[in-house]
Structures are given as C-alpha cells and as structure tokens.
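Enquirer: In the numbering used here, the protein residues as written are 1 to 272.
Beta carbons: idealized from backbone N, C-alpha and C, even for Gly.
Just so we're clear, the structure is a prediction, and the values are computed from it rather than from any experiment.
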Amino acid sequence: QSITVSPSQTTTYSVEVSNAGGCSDSDAVQVTVNATKVEVTADAGDDETICAGETVTLTATGGSSYVWSTGATTQSISVSPTQTTTYSVEVFEGDVSATAKVTVNIIALSIANAGSDQTIEEGESVTLTATGGSEFLWSNGATTQSITVSPVQTETYSVAVFNALGCYTEDDVMVIVEAFKGEDLEEDVLDFEFDIYPNPTSDVLNIKITGLERATPVRIYDMSGKVLYNNMIQSDGSLRHEALDLSSYPKGFYLLSIYKEGKPITKKVVVK
1 QSITVSPSQT TTYSVEVSNA GGCSDSDAVQ VTVNATKVEV TADAGDDETI CAGETVTLTA
61 TGGSSYVWST GATTQSISVS PTQTTTYSVE VFEGDVSATA KVTVNIIALS IANAGSDQTI
121 EEGESVTLTA TGGSEFLWSN GATTQSITVS PVQTETYSVA VFNALGCYTE DDVMVIVEAF
181 KGEDLEEDVL DFEFDIYPNP TSDVLNIKIT GLERATPVRI YDMSGKVLYN NMIQSDGSLR
241 HEALDLSSYP KGFYLLSIYK EGKPITKKVV VK
C-alpha cells in the first residue's frame with residue numbers, strides 16, 4: 001500500500017488499484033527533486049608582509065574556478081607590489097560565487113650608507129661607520145655598525161644594512177692608502193736634492209741626485225699607492241744620474257720617491 005522512494009531526479013510514480021470484483025483504477029504521483037543549493041566559501045589566504053622588490057604567491061581556495069582583481073584566472077598568482085596592496089578573488093562553483101580579499105604589506109628597504117671615501121697614509125687606521133638600518137654585515141665579516149681598518153693598499157669595503165625582515169641593501173666605501181707625502185717632511189732630513197727630467201715624459205725619465213751619502217731606495221707608485229718600481233740607487237758621494245724607462249707605463253700621473261733615513265722625498269711624474 002505504501003512505498004518509500006529516493007529519486008535522484010524528478011520522477012512520476014503510478015499505481016493501479018483493483019477490488020474483489022475485478023474493477024480497477026490507476027493514479028500517478030510526481031516526486032519533484034529540487035537541486036541541492038551549492039555554498040561557496042572563498043579564501044584568499046592570510047595577509048602577507050614582504051620587503052619592497054620581493055615577490056609573493058597568493059593562493060585561493062573554496063571553488064573550482066577563480067578570477068583575481070589582477071585579471072588572472074588561475075588559482076594562484078605571483079605579485080610584486082611597490083606599495084601595500086589589497087587583492088580580491090572571486091571563487092566560483094557552478095553558478096554560485098563568493099569573494100575574498102588578501103593584503104600584501106610592503107616594508108621599505110633600509111638605505112645602506114657606508115659613508116664617504118677616506119684617505120690615509122700607509123700604516124694609519126680609519127674607522128668606517130654605516131647607517132640606514134639596525135643590523136650590519138661588512139665585507140670583512142664584522143657585524144658592528146662601525147669597523148676600524150688599516151689596509152696596506154687602497155681597498156674597497158662593502159656593507160649590507162638589514163631591516164626588520166632581514167632584507168638588505170649594500171653600499172661601498174673606498175679607503176685610499178697614500179704611500180707617502182713628501183710635503184710633510186721636516187727640513188732637516190732633506191740633506192740631499194734630486195731633479196727629474198723631462199717631466200712630462202713619454203719614455204725615459206732622468207734622475208739627478210746631489211749629496212747622496214749612501215745607497216737608498218727609489219720607488220714609483222701609481223696614484224692608488226701601488227708600487228710599480230722599486231730599486232736601490234748606489235751613492236758615489238757627489239752627483240748621481242739614473243735613467244728610468246717609463247715607456248711601458250700608461251699615460252697618467254705617478255709619484256716618485258727617494259728615501260732619506262726611511263722618509264721619502266716625493267715628486268709627481270707625468271707620463272704623456
């Protein structure tokens with residue numbers, strides 16, 4: 001007399017009823033199946049924080065197709081905003097959709113500053129101080145804001161300055177090492193004299209020395225302090241001539257030093 005049905009779609013059921021006398025009749029009933037309501041819960045993930053210039057991947061969930069505010073229709077997108085930006089995504093399942101948002105926060109980079117280039121004499125030291133952030137890493141391995149260095153020749157030091165997220169920028173500072181400064185000598189050590197000619201020169205540079213009492217070094221430096229020529233001049237107690245071949249030297253300025261009691265007399269040489 002009764003049946004229980006669970007149709008997956010709208011279905012018509014018919015029934016025929018007969019009595020004892022053989023008379024019968026029939027009827028039908030339709031069971032309408034309404035489509036299940038689809039619910040979509042969109043999720044664009046947690047907000048992100050990155051340093052300026054970095055890239056982050058955003059991934060949406062909750063549906064089978066996606067449309068981002070950037071126009072992308074993939075489930076994930078990679079973005080590199082230059083400022084804090086909120087992205088939205090519409091998530092679809094059939095004809096039903098929902099929207100979610102996610103914000104990418106931008107932390108500005110520290111601006112590294114290693115300071116101005118420094119000039120010292122050979123044997124001296126100088127303190128270099130970086131600014132622009134809270135953590136520092138120098139090219140010599142130091143992690144302090146300031147370092148004290150004593151390079152034996154002109155050298156460049158670099159420093160990475162970090163922000164709170166660990167992102168960094170770099171800057172360089174040059175320490176110029178001047179081998180010697182003849183103008184700083186006391187008069188009492190200048191008990192011999194020398195002249196150089198021709199100056200400028202393109203090949204041979206002549207040196208005329210008077211009053212040299214014993215053998216002494218003669219050196220030529222480039223303007224960075226690098227020794228290009230190093231030799232001993234022997235003394236004859238009176239007048240001494242030396243000829244140096246500079247024909248292989250590139251055009252530019254050089255320093256020629258002759259030493260007295262360990263201190264130099266220095267003159268500038270021009271190679272043309």
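Can you check which of these residues, G63, T85 and Y66, is closest to E48 by C-alpha distance?
Expert: Nearest option by C-alpha distance: T85.
Enquirer: Nearest to T350 by CA position, among I147, E39 and I111, is which residue?
Expert: Because residue 350 is not part of the residues shown, which for the chain are 1 to 272, the question remains open.
Enquirer: On the criterion of 16 or more Cβ atoms from any shown chain inside 10 Å, does S18 qualify as buried, or is it exposed?
Expert: The residue in question, S18, is exposed, as its Cβ has fewer than 16 Cβ neighbours within 10 Å.
Enquirer: If we ignore side chains and look at the alpha-carbon of each, how far apart do P81 and V56 end up?
Expert: Approximately 9 angstroms between the Cα atoms of the pair.
Enquirer: Have a look at the DSSP bridge pairing and note the partners of D275.
Expert: In this structure the chain extends from 1 to 272, so residue 275 is not present and cannot be described.
Enquirer: So the beta strand (DSSP E) I220 belongs to, where does it begin and stop?
Expert: Per DSSP, I220 belongs to the beta strand (DSSP E) from T216 to D222.
Enquirer: What is the C-beta distance between L246 and D203, in whole angstroms, given that I count them as a contact (C-beta under 8 angstroms)?
Expert: Right, the Cβ-Cβ distance comes to about 7 angstroms (below 8 angstroms), so this counts as a contact.
Enquirer: Can you tell me whether DSSP reads E178 as helix, strand or coil?
Expert: If DSSP states are grouped into helix, strand and coil, E178 belongs with the strands.
Enquirer: In terms of DSSP beta bridges, what is K267 paired with?
Expert: Looking at the DSSP assignment, K267 forms a beta bridge with L256.
Enquirer: If contacts are defined as beta-carbon pairs under 8 angstroms, then D117 and M174 qualify, I think. What distance do you get, rounded to the angstrom?
Expert: Contact holds; Cβ gap of about 4 angstroms.
Enquirer: Going by CA-CA distance only, name the one from K101, G133 and G115 that's closest to L109.
Expert: Selected option, being the one with the closest Cα: G133.
Enquirer: Take E183 and list the residues in its own chain whose beta-carbon comes closer than 7 angstroms to its own, dropping the five residues that flank it on each side.
Expert: For E183, the pLDDT reaches just 45, beneath the cut-off of 50, and the residue's location in the model is therefore unreliable, leaving the point undetermined.
Enquirer: Comparing C-alpha positions only, which one of A20, T32, I3 and D27 sits nearest to Q9?
Expert: If we check each option's Cα against that of Q9, T32 comes out closest.
Enquirer: Would you say Y157 and L128 are within 8 angstroms of each other, going by their C-beta atoms?
Expert: A contact, by the Cβ cut-off of 8 angstroms.
Enquirer: Roughly how many angstroms lie between the CA atoms of E170 and T148, to the nearest whole one?
Expert: The alpha-carbon atoms of E170 and T148 are separated by roughly 19 angstroms.
Enquirer: Between I229 and the rest of its own chain, which residues show a CB-CB distance below 8 angstroms, the 5 nearest in sequence each way excluded?
Expert: Sequence check: residue 229 is Tyr here, not Ile. Result list for Y229: V218, R219, I220 and L244, in chain order.
Enquirer: For E276 and K260, I'd like the C-alpha separation in whole angstroms.
Expert: Residue 276 lies beyond the stretch modelled for the chain, which goes from 1 to 272, so this question has no answer here.
Enquirer: Output the boundary residues of the beta strand (DSSP E) element that contains V102.
Expert: V96 to I107 is the extent of the beta strand (DSSP E) around V102.
Enquirer: Considering only the beta carbon of each residue, do I107 and N163 sit closer than 8 angstroms?
Expert: A contact, by the Cβ cut-off of 8 angstroms.
Enquirer: Rounded to the nearest angstrom, how far is the Cβ of V104 from that of S97, given a contact under 8 angstroms?
Expert: With 8 angstroms as the limit, V104 and S97 do not qualify as a contact, their Cβ atoms being about 23 angstroms apart.
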